[in-house]
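Take a look at the structure set out below.
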């Protein structure tokens, strides 16, 4: 259990949010042109990182907006929060 | 040859105040090279090594464990064993395991306290009733014992359940698998460790894998905290940390690792002599031989390796437990903990070869791997020894995520993930 700093509402308990998994997985522009391997890669394969992960969250019981979070999955410490469309922090 | 455990050895050792018991397994240093190495000394990993030695005559093998035997998910689960899965592939896999469970204590000469006290799954709405009836029929077609119970029969089988029609999620019926039950989880790890050790398997604890060395198309060896070990075959049974190992060789798996929590109450007199699970309200409960209520909660929805989950998950589970069992309202909880489970998109496991020669994965057991321990070990040993899957685990290959031939138990399993 931890606190997430929603970029629109401020600090709220994690239970107000839903996790949306790994961020920056771009939907292929022409899915019909992909091979089965490439489609599986997009749909199912995940880095599932132990350490710093870039991920999506939605403030379900608040503003209902999606945004990105940088979190250390080994101890749940949040390093950064940034809005959708913004460049991910580099450090 | 180890001395057999028996009533006589127990008596004999009682006279020396139990100070002269033989060590259950040795604590060797790793050799320079092994025929095969298993990464992960949990129940599944130890069982794999045991069956490789026993059934496939592989004597030069090692099991590497980062921590200690029984310290991972094997010692953290809620010990439920059942095989009432919907799909043929799953039914075959889990019932194979259940059949081995039935003779496991004798085979290992180790009391795993397997108790066939039955597992009951509850239905709370019309869709649950239909799904559970369908599953009962599917089970029987696969030769798995299953019966459907109406509300009165549920109440008769487990009298402390609140079957009043005016609760938020009334009990409309349930299924019962009488052959299902529980086992002592630590004993399973210890029993397999002792039996594997006797077959000549090296069990190396406190040995973390730091890297996997490979050439163009096959594995060469493992870099560990106890030095480099050469081998041509590596079986990875690392549960929540499977992706960490896969990332070492640049392999991506369809897994997400999430915290799953469980809790036990203070010990009380016998009150519930079976296992009751409810998918809809996500609560399941049984009572250990010590008298503690063993309660399983759900997973959090975010990836985490922290071995602790959110409080609201526990709160949700306990509120459901209290509505179904008002008698527990003043029960105090003793301990709560979390384990990291690796979940596949279709909630079925992977027991498979990979694109790298000599590298095998047994993972994705998610929230329900304990029940499969003996079967998983047996089939994974077969897969590694023959470099091809047994017919019972052929459907559980990694390529199903490319072909689309999934084993979709997600909505069909007895408890949602």
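Chains as they are written, first to last, in this note's numbering: chain W, 1 to 91; chain V, 92 to 508. The beta carbon of each residue, even a glycine, is placed where N, CA and C say it ideally should be.
Have a look at V/223, V/308, V/246 and V/274 and flag the residue whose alpha-carbon is nearest the alpha-carbon of residue 41 of chain V.
Absent from the structure is residue 41 of chain V, since the part of chain V shown begins at 92 and ends at 508.
Applying a beta-carbon distance threshold of less than 7 Å, which residues of chain W neighbour residue 308 of chain V?
Position 217 of the second chain, counted from the first residue, corresponds to residue 308 of chain V. None at all; the shortest Cβ gap to chain W is about 17 Å.
Can residue 438 of chain V and residue 408 of chain V be called in contact, C-beta distance under 7 Å?
In the second chain, the residue the question calls residue 438 of chain V occupies position 347. In the second chain, the residue the question calls residue 408 of chain V occupies position 317. No.
Can you pull the DSSP bridge partners for residue 499 of chain V?
Working through the second chain from its first residue, we reach residue 499 of chain V at position 408. Note: residue 499 of chain V is not bridge-paired with any residue in the DSSP secondary-structure output.
Residues sharing a beta bridge with residue 319 of chain V, DSSP:
Start at 1 with the first residue of the second chain, and residue 319 of chain V comes out as number 228. Answer is V/314.
I want to verify the contact list: residues of chain W whose CB lies under 8 Å from the CB of residue 347 of chain V, in sequence order.
Taking the first residue of the second chain as position 1, residue 347 of chain V is located at position 256. Chain W residues near residue 347 of chain V: 21, 46 and 48.
With a threshold of 7 Å between beta carbons, is residue 350 of chain V in contact with chain W?
Locating residue 350 of chain V in the second chain gives position 259, where the first residue counts as 1. So, not an interface residue.
Look at the Cβ atom of residue 454 of chain V, then the Cβ atom of residue 478 of chain V, and state whether they are nearer than 7 Å.
Translated into positions along the second chain, residue 454 of chain V becomes position 363. Translated into positions along the second chain, residue 478 of chain V becomes position 387. Against a cut-off of 7 Å, the Cβ pair of residue 478 of chain V and residue 454 of chain V comes out as no contact.
Output yes if chain W places a C-beta closer than 7 Å to the C-beta of residue 327 of chain V; else output no.
In the second chain, residue 327 of chain V corresponds to position 236, counting from 1. So, not an interface residue.
Alpha carbon to alpha carbon, how far is residue 266 of chain V from residue 237 of chain V?
Residue mapping note: residue 266 of chain V aligns to position 175 of the second chain, counting from 1. Residue mapping note: residue 237 of chain V aligns to position 146 of the second chain, counting from 1. Residue 266 of chain V and residue 237 of chain V have their C-alpha atoms some 7 Å from each other.
Residues of chain W with CB under 7 Å from residue 420 of chain V, in chain order?
Along the second chain, read from residue 1 onward, the residue named residue 420 of chain V stands at position 329. Per Cβ cutoff of 7 Å: no residues; residue 420 of chain V is ~23 Å from chain W at best.
Taking the alpha-carbon of residue 374 of chain V as reference, which of V/391, V/405 and V/396 has the nearest alpha-carbon?
As a working mapping, residue 374 of chain V is identified with position 283 in the second chain. Relative to residue 374 of chain V, the option among V/391, V/405 and V/396 whose CA is nearest is V/405.
So residue 470 of chain V and residue 442 of chain V are supposed to be a Cβ contact under 8 Å. How far apart are they, rounded?
Taking the second chain and counting its residues from 1, the one referred to as residue 470 of chain V is at position 379. Taking the second chain and counting its residues from 1, the one referred to as residue 442 of chain V is at position 351. Indeed they touch by this definition, with Cβ atoms about 6 Å apart.
Compute the Euclidean distance between the alpha carbons of residue 352 of chain V and residue 390 of chain V, then round it to the nearest angstrom.
For the purposes of this step, residue 352 of chain V is taken as the residue at position 261 of the second chain. For the purposes of this step, residue 390 of chain V is taken as the residue at position 299 of the second chain. Computed Cα separation, rounded: 7 Å.
Nearest to residue 174 of chain V by CA position, among V/191, V/281 and V/137, is which residue?
For this step, residue 174 of chain V is matched to residue 83 along the second chain. Closest option to residue 174 of chain V, Cα to Cα, is V/191.
Give the residues from the region 435-465 of chain V that approach chain W closer than 7 Å (Cβ to any Cβ), ordered along the chain.
Listed in sequence order: 436.
Spatial distance of residue 233 of chain V from residue 239 of chain V (CA atoms):
Start at 1 with the first residue of the second chain, and residue 233 of chain V comes out as number 142. Start at 1 with the first residue of the second chain, and residue 239 of chain V comes out as number 148. Answer to the nearest angstrom: the Cα atoms are 16 Å apart.
Classify residue 9 of chain W: buried if its beta carbon has 16 or more other beta carbons within 10 angstroms, exposed otherwise.
On the first chain, position 9 is the one that residue 9 of chain W refers to. Counting Cβ neighbours within 10 Å, residue 9 of chain W comes out exposed, since fewer than 16 surround it.
Taking Cβ-Cβ distances below 7 Å as the criterion, which residues of the region 395-409 of chain V are in contact with chain W?
Within the region 395-409 of chain V, the residues whose Cβ lies closer than 7 Å to some Cβ of chain W are 395, 396, 397, 401, 402 and 403, listed in chain order.
Where residue 298 of chain V and residue 278 of chain V are concerned, what is the direct C-alpha to C-alpha distance, given to the nearest angstrom?
Residue 298 of chain V sits at position 207 when you count from the first residue of the second chain. Residue 278 of chain V sits at position 187 when you count from the first residue of the second chain. Each residue's Cα considered, the two are about 22 Å apart.
Residue span of the alpha helix (DSSP H) that contains residue 293 of chain V, given as start and end:
Numbered from 1 along the second chain, position 202 holds the residue referred to as residue 293 of chain V. Judged by DSSP secondary structure, residue 293 of chain V falls outside any alpha helix (DSSP H) and instead within the beta strand (DSSP E) spanning 293-295.
Using beta-carbon positions only, say whether residue 165 of chain V and residue 286 of chain V come within less than 7 Å of one another.
The residue given as residue 165 of chain V occupies position 74 in the second chain. The residue given as residue 286 of chain V occupies position 195 in the second chain. No.
In whole angstroms, what separates the C-alpha of residue 221 of chain V from that of residue 241 of chain V?
Translated into positions along the second chain, residue 221 of chain V becomes position 130. Translated into positions along the second chain, residue 241 of chain V becomes position 150. If I take the Cα positions, the gap works out to 12 Å.
Of all the CB atoms in chain W, is at least one closer than 7 Å to the CB of residue 507 of chain V?
For this step, residue 507 of chain V is matched to residue 416 along the second chain. Reliability fails at residue 507 of chain V, whose pLDDT of 48 lies under 50, so the model's placement of it is uncertain and the value that follows must be treated cautiously. Residue contact with chain W for residue 507 of chain V: absent (no Cβ-Cβ distance below 7 Å to any residue of chain W).
Can you say whether residue 368 of chain V is buried or exposed, counting buried as having 16 or more other CB atoms within 10 angstroms of its CB?
Along the second chain, read from residue 1 onward, the residue named residue 368 of chain V stands at position 277. Here residue 368 of chain V is buried, its C-beta having at least 16 other C-beta atoms within 10 Å.
So, under 8 Å CB-CB, residue 393 of chain V and residue 19 of chain W are touching, yes? Tell me the CB distance rounded to an integer number of Å.
By 1-based counting over the second chain, the position of residue 393 of chain V is 302. By 1-based counting over the first chain, the position of residue 19 of chain W is 19. The pair is a contact, with the Cβ atoms about 4 Å apart (cut-off 8 Å).
Applying a beta-carbon distance threshold of less than 8 Å, which residues of chain V neighbour residue 75 of chain W?
One-based indexing of the first chain puts residue 75 of chain W at position 75. Ordered by position in chain V, the residues that pass the 8 Å Cβ test against residue 75 of chain W are 397.
Going straight from the alpha carbon of residue 507 of chain V to that of residue 115 of chain V, what length do you get?
Residue mapping note: residue 507 of chain V aligns to position 416 of the second chain, counting from 1. Residue mapping note: residue 115 of chain V aligns to position 24 of the second chain, counting from 1. A caution first: residue 507 of chain V carries a pLDDT of 48, below 50, which makes its placement in the model unreliable, though a value can still be read off. When only Cα atoms are considered, residue 507 of chain V and residue 115 of chain V end up about 38 Å apart.
Min CB distance residue 37 of chain W to chain V below 7 Å:
By 1-based counting over the first chain, the position of residue 37 of chain W is 37. Yes, residue 37 of chain W counts as interfacial toward chain V.
Cross-chain neighbours of residue 174 of chain V in chain W, by beta carbon under 8 Å:
Within the second chain, residue 174 of chain V is the residue found at index 83, counting from 1. Result: empty, since nearest Cβ-Cβ is about 26 Å, beyond 8 Å.
Quick check on the burial criterion: 16 or more other C-beta atoms within 10 angstroms. Buried or exposed for residue 451 of chain V?
Taking the first residue of the second chain as position 1, residue 451 of chain V is located at position 360. Only buried fits residue 451 of chain V, as 16 or more other CB atoms lie within 10 angstroms of its CB.
Counting Cβ pairs closer than 8 Å, one from the region 177-190 of chain V and one from the region 340-350 of chain V, do we hit at least three?
Segment contact: the region 177-190 of chain V against the region 340-350 of chain V, fewer than three CB-CB distances shorter than 8 Å; contact not assigned.
Mapping the DSSP letters down to three states, classify residue 350 of chain V as helix, strand or coil.
For the purposes of this step, residue 350 of chain V is identified with residue 259 of the second chain, where counting begins at 1. In this structure, residue 350 of chain V counts as strand in the three-state DSSP scheme.
Would you mind sorting residue 141 of chain V into buried or exposed? The rule is 16 or more other CB atoms within 10 Å of its CB.
Within the second chain, numbered from 1, the residue matching residue 141 of chain V stands at position 50. So residue 141 of chain V ends up on the buried side.
Please tell me whether residue 1 of chain W has its Cβ less than 7 Å away from any Cβ of chain V.
To locate residue 1 of chain W, count along the first chain from 1; it is residue 1. Yes, contact with chain V.
Residue 207 of chain V - partner residues in DSSP beta bridges
Locating residue 207 of chain V in the second chain gives position 116, counting from the first residue. Paired residue(s): none; residue 207 of chain V is not in a bridge.
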